[in-house]
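Participant: Going by this note's numbering, the sequence shown opens with residue 31, and the numbers climb by one from there.
Just so you know, even glycine gets a beta-carbon here, dropped at the ideal spot from N, CA and C.
Note that this is a predicted model, so its numbers are computed, not measured.
Dropping the structure in here first, questions after.
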Amino acid sequence: MTTLICNCNQTMPLQAQALGKALGEDLTLHTTLCRREAGHFQKAVKTGETVVVACTQEKRLFSELAEQTEGAISPIRFVNIRETGGWGREAEHATPKMAALLAAARLPEPEPVPTVTYKSSGRVLIMGALDAAERAASFLSDAMQVTIWSEGAGKAGGSQERRFPVVAGRLQSLTGWLGAFDVSWDASNPIDLDLCTRCNACVAACPEQAIGLDYQVDLSRCTSHRDCVKVCEAAGAIDFSREARPQTERFDVVLDLRSDKASPTFSSHALPQGYFRWDGQELQTLLKVRELVGEFEKPRFFAYKQKLCAHSRNEQVGCNACVDICSAEAIRSDKSRQQIVVNPNLCVGCGACTTVCPTGALTYAYPRPAEQGAKIRSLLTAYQAAGGRDAALLLHSQNKGQALIDELGRGAQLKVMQGVPARVMPVALWHTASVGLELWLSAVAYGARQVMVLLTDEEAPQYRAALMDQMAVAQSLLNGLGYTGVHFQLIEAKNPASLDADLQRLAARGLKASAMPAGPVAAARHAVQAEKRSNLELVLDHLMAQSPVMAQEEQMRPKALDLPASGSPLGTIVVDGGKCTLCMSCVGACPSSALQDNPLQPEIRFIEKNCVQCGLCAKTCPEDAITLQSRLSLVPERQQSRVLHGSPPYACIRCSKPFGTHKGIETMLGRLAGHSMFQGLALERLKMCGDCRVVDMFTDENQVRITGVNPPKPQ
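Dropping the structure here:
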């Protein structure tokens with residue numbers, strides 16, 4: 031492993047010796063690595079060892095230089111230590127952070143993930159007013175096959191020369207994604223655009239001016255003079271008696287020029303790949319559209335394990351968190367098969383579904399939890415080894431979030447902002463909603479004192495609410511265990527100045543002195559697990575073992591910590607013994623084996639650590655006898671089976687064999703006592719087991735048989 035550090039124009043107070051000691055490497059400090067000292071870079075990339083370059087602004091130049099260097103075989107990784115720490119008011123104290131960022135860059139690349147493939151032959155549908163659509167088509171027609179969906183003439187109407195196919199009518203549906211957009215409509219207008227020659231005779235002949243330069247009839251203005259039909263007799267394009275014809279066609283790309291006020295076709299926050307909205311101004315959108323010809327791949331961002339899913343059982347829906355939060359509408363319920371279905375073509379990789387999933391049935395795969403956890407652990411371990419204290423993580427998106435941090439760093443260098451505090455380490459994510467409670471708590475267990483999540487205008491509104499819920503649960507856990515301070519914060523920033531102010535305020539708040547520790551005294555040693563619940567249990571075990579509350583005398587400790595109900599994946603259930611008949615419907619519905627029966631006697635048993643608070647038991651219970659209670663139990667019995675409700679068995683009045691519960695049989699007798707079919711001996715027969723009931727029926731001389739013939743009397 032070779033690390034190359036460049037201090038351009040000596041604008042950073044870099045301490046190469048201290049950084050090298052933290053990384054276990056002799057470092058040379060360069061000042062013009064991308065220019066005069068480029069030979070050092072070229073020499074390094076010939077060694078075959080991974081080369082870490084502490085420079086991202088010249089990433090393209092270094093990559094091109096490596097391609098031009100004969101014998102260059104080394105993998106190259108880039109890391110930013112300038113805008114994230116070297117430029118700022120606290121730059122002199124940022125050496126531990128720089129060491130941490132460099133150490134994280136030295137980790138192995140994440141394992142490859144499966145991909146999703148799109149194929150586009152370049153058929154684009156442009157939707158909007160005819161004049162604007164034809165203008166957009168002129169920019170695309172040399173690279174793509176254009177079809178126009180006309181919605182009115184616009185200001186100028188269509189051109190005299192028909193250069194592109196034009197369709198119009200009542201839009202019924204538009205669904206799909208890149209390479210597979212299906213459009214359905216009714217061709218309901220009297221003018222057939224395929225037959226129309228744009229001679230304009232109908233426009234001139236119409237006395238009501240009901241025909242515009244989109245060559246469609248405004249039926250609300252037409253008074254049936256039919257002058258247009260007469261002048262179009264030769265072409266035969268106008269027929270008022272024609273019935274609306276359903277039409278369907280497939281396109282690869284859709285460019286929508288209609289304004290948001292016109293009820294856009296896709297209402298989801300995250301639009302499908304291949305669907306673009308254009309205001310007629312920004313040419314960057316058209317450039318993106320032109321590129322969408324060929325075959326494309328994206329990561330398959332998620333992995334799904336149906337056996338862990340708490341979505342549904344027996345046609346009852348329990349956990350619906352992933353369906354509700356998906357901003358791309360890529361997840362749907364399939365309760366008949368006891369699962370959810372994720373469309374990988376629509377998934378945009380935000381990861382919010384994996385964050386709110388209480389069981390880990392949905393896990394994020396880009397990168398995987400274990401890989402993300404290894405990065406966080408490496409950052410915090412290196413930071414502490416380099417002498418850093420009170421570490422804070424700033425989780426941000428690698429697009430707009432990264433751009434804000436870069437601008438903040440430049441503002442700090444120009445002395446108009448303060449920059450990223452020395453103890454705050456930025457961590458770039460594909461999407462900020464992809465990391466949740468279990469990894470935040472892992473960061474605290476590894477030594478972080480704060481975890482901040484930066485939101486920009488990229489996130490869907492429901493993501494903010496979900497992250498707030500998760501943070502409330504995590505904060506309640508830590509404070510309940512005796513760890514002081516505010517550990518989790520959302521930062522909503524739209525510009526570098528507001529980000530700067532929030533970082534300074536929150537970083538200062540986290541350092542308030544207290545008699546109680548802000549986090550575990552000893553950092554956790556376990557690795558983040560692939561399974562969400564396993565990882566959560568390991569983190570809780572460590573936090574509880576280090577907890578000041580758990581160090582108190584046993585009689586002083588609370589038995590459990592109450593948690594916010596919204597978003598909590600931990601808790602217990604309460605069974606109303608007065609209502610429960612021990613029908614065991616809840617046991618059959620439980621997806622996580624938290625509820626179990628006892629084969630030896632009527633009992634509902636419960637293992638609290640397995641409960642995911644999905645609510646399936648409560649929704650399945652026919653007696654409405656179950657309620658959920660969000661909490662973290664602090665007693666060892668949390669991991670053991672305990673009895674929630676039990677009843678002595680009901681013995682058959684004839685043979686004394688147990689065949690039900692007292693509560694169940696008594697409830698049945700009470701409900702049927704007034705029924706005409708269950709009077710006298712018939713009601714008593716309900717107190718018998720199945721075998722005795724049959725025997726009693728066939729030995730009762732007064733019992734009416736189906737055949738109408740009673741059996742002979744016993745001798």
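Between which two residues does the alpha helix (DSSP H) harbouring isoleucine 695 extend?
Facilitator: Note, isoleucine 695: alpha helix (DSSP H), 692–702.
Participant: Span of the alpha helix (DSSP H) holding glutamate 567?
Facilitator: Per DSSP, glutamate 567 belongs to the alpha helix (DSSP H) from 562–575.
Participant: CA-CA distance, aspartate 606 and threonine 389?
Facilitator: Distance between the alpha carbons of aspartate 606 and threonine 389 is about 26 Å.
Participant: Go through the segment 239–316 residue by residue and report every complete run of the alpha helix (DSSP H) that reaches 4 residues or more, in order.
Facilitator: You should have 257–261.
Participant: Specify the secondary structure class of proline 399 as computed by DSSP and reduced to three states.
Facilitator: Proline 399: helix per DSSP, three-state reduction.
Participant: Using C-beta distances below 7 Å, list every residue in its chain close to leucine 223, excluding the 5 sequence neighbours before and after it, in chain order.
Facilitator: Closer than 7 Å at the Cβ level, and outside the excluded window around leucine 223, lie Val196, Val197, Ala198, Tyr245.
Participant: Can you give the Cα-Cα distance for glutamine 87 and isoleucine 406, rounded to whole angstroms?
Facilitator: So the two alpha carbons sit approximately 24 Å from each other.
Participant: Are the Cβ atoms of cysteine 383 and leucine 376 separated by less than 7 Å?
Facilitator: For cysteine 383 and leucine 376, no; Cβs fall outside 7 Å.
Participant: Assuming aspartate 282 contacts arginine 307 (C-beta within less than 8 Å), just tell me the rounded distance between them.
Facilitator: The Cβ separation is near 17 Å, so there is no contact.
Participant: Would you give the residue range spanned by the alpha helix (DSSP H) that cysteine 232 belongs to?
Facilitator: From DSSP, the alpha helix (DSSP H) with cysteine 232 extends over 231–235.
Participant: Output yes or no for whether 7 Å exceeds the beta carbon distance between threonine 16 and glycine 466.
Facilitator: The first residue shown for the chain is 31 and the last is 745, placing residue 16 beyond what the model contains.
Participant: Between the Cα of proline 588 and those of Lys76, Ala681, Ser663, Lys127, spot the shortest distance and give me the residue it belongs to.
Facilitator: Checking every option, the nearest Cα to that of proline 588 belongs to Ser663.
Participant: Out of curiosity, what's the CA-to-CA distance linking glutamine 10 and valine 558?
Facilitator: The requested residue 10 does not occur in the structure, where the chain is confined to residues 31 to 745.
Participant: In terms of alpha-carbon separation, which member of Glu321, Ser289, Val323, Gly69 lies closest to aspartate 310?
Facilitator: Reading the sequence as shown, one finds glycine at residue 310 and not aspartate. The shortest Cα separation from glycine 310 among Glu321, Ser289, Val323, Gly69 belongs to Ser289.
Participant: Measuring alpha carbon to alpha carbon, tell me which of Gly304, Ala167, Ala84 ends up nearest glycine 209.
Facilitator: Of the candidates Gly304, Ala167, Ala84, the one whose C-alpha sits nearest the C-alpha of glycine 209 is Gly304.
Participant: Would you grab the beta carbon distance between leucine 53 and threonine 33 for me? Rounded to a whole angstrom, and I think it's under 8 Å.
Facilitator: Correct: roughly 6 Å between the Cβ atoms.
Participant: Name, in chain order, the residues that DSSP records as bridge partners for threonine 750.
Facilitator: Missing from the structure shown is residue 750; the chain here goes from 31 to 745 and no further.
Participant: Which residues share a DSSP beta bridge with tryptophan 179?
Facilitator: According to DSSP, tryptophan 179 bridges with Met157, Val197.
Participant: Could you name the residues of the same chain whose beta carbon sits closer than 6 Å to that of arginine 684, not counting the 5 residues immediately before and after it, in chain order?
Facilitator: These residues qualify, in order along the chain: Met718, Cys722.
Participant: Sorted by chain position, which residues of the same chain lie with C-beta nearer than 8 Å to histidine 70's C-beta, five sequence neighbours on each side aside?
Facilitator: Answer for histidine 70: Leu34, Thr58, His60, Leu63, listed in chain order.
Participant: Using the Cα positions of leucine 44 and phenylalanine 518, report the straight-line distance between them to the nearest angstrom.
Facilitator: C-alpha separation (whole angstroms): 30 Å.
Participant: How about isoleucine 241 and valine 233: are their beta carbons less than 7 Å apart?
Facilitator: Yes. Within cutoff.
Participant: Any idea if isoleucine 435 is buried or exposed, counting beta-carbon neighbours within 10 angstroms, 16 or more meaning buried?
Facilitator: It is buried - the Cβ of isoleucine 435 has at least 16 other Cβ atoms within 10 Å.
Participant: Grab me the residues of glutamate 653's own chain with a C-beta within less than 7 Å of its C-beta, minus the 5 sequence neighbours each way, in chain order.
Facilitator: The residues are Lys609, Cys610, Thr611.
Participant: Per DSSP, what are the beta-bridge partners of tyrosine 413 in this structure?
Facilitator: Beta-bridge pairing links tyrosine 413 to no other residue.
Participant: Please state whether DSSP places proline 43 in a helix, a strand or coil.
Facilitator: Proline 43: coil per DSSP, three-state reduction.
Participant: Looking only at C-alpha atoms, which of Cys36, Gly188, Thr486 sits nearest to methionine 128?
Facilitator: Closest option to methionine 128, Cα to Cα, is Cys36.
Participant: What residues in its chain sit with their C-beta under 7 Å from that of leucine 137, if we drop five residues either side in the sequence?
Facilitator: Correct list, in chain order: Ala404, Lys405, Ser408.
Participant: Indicate whether the contact test is met: 3 or more Cβ pairs, each with one atom in the segment 448–462 and one in the segment 423–439, closer than 8 Å.
Facilitator: Touching, per the Cβ criterion.
Participant: Could you compute how far the alpha carbon of histidine 461 sits from the alpha carbon of tyrosine 396?
Facilitator: Computed Cα separation, rounded: 10 Å.
Participant: Compute the Euclidean distance between the alpha carbons of phenylalanine 689 and glycine 720, then round it to the nearest angstrom.
Facilitator: The alpha-carbon atoms of phenylalanine 689 and glycine 720 are separated by roughly 8 Å.
Participant: Under three-state DSSP, which class holds tryptophan 215?
Facilitator: Tryptophan 215: strand per DSSP, three-state reduction.
Participant: For lysine 149, does the count of other Cβ atoms within 10 angstroms reach 16, so buried, or fall short, so exposed?
Facilitator: With fewer than 16 other Cβ atoms within 10 Å, it is exposed.
Participant: From Phe92, Gln98, Ala333, Ala102, pick the residue whose C-alpha is nearest to that of valine 109; which is it?
Facilitator: Closest option to valine 109, Cα to Cα, is Phe92.
Participant: Between arginine 200 and proline 237, what straight-line distance do the alpha-carbon atoms span, to the nearest angstrom?
Facilitator: Whole-angstrom Cα-Cα distance: 25 Å.
Participant: Find out if the Cβ-Cβ distance for the pair arginine 107, valine 82 is shorter than 7 Å.
Facilitator: Yes, the Cβ-Cβ distance between arginine 107 and valine 82 is below 7 Å.
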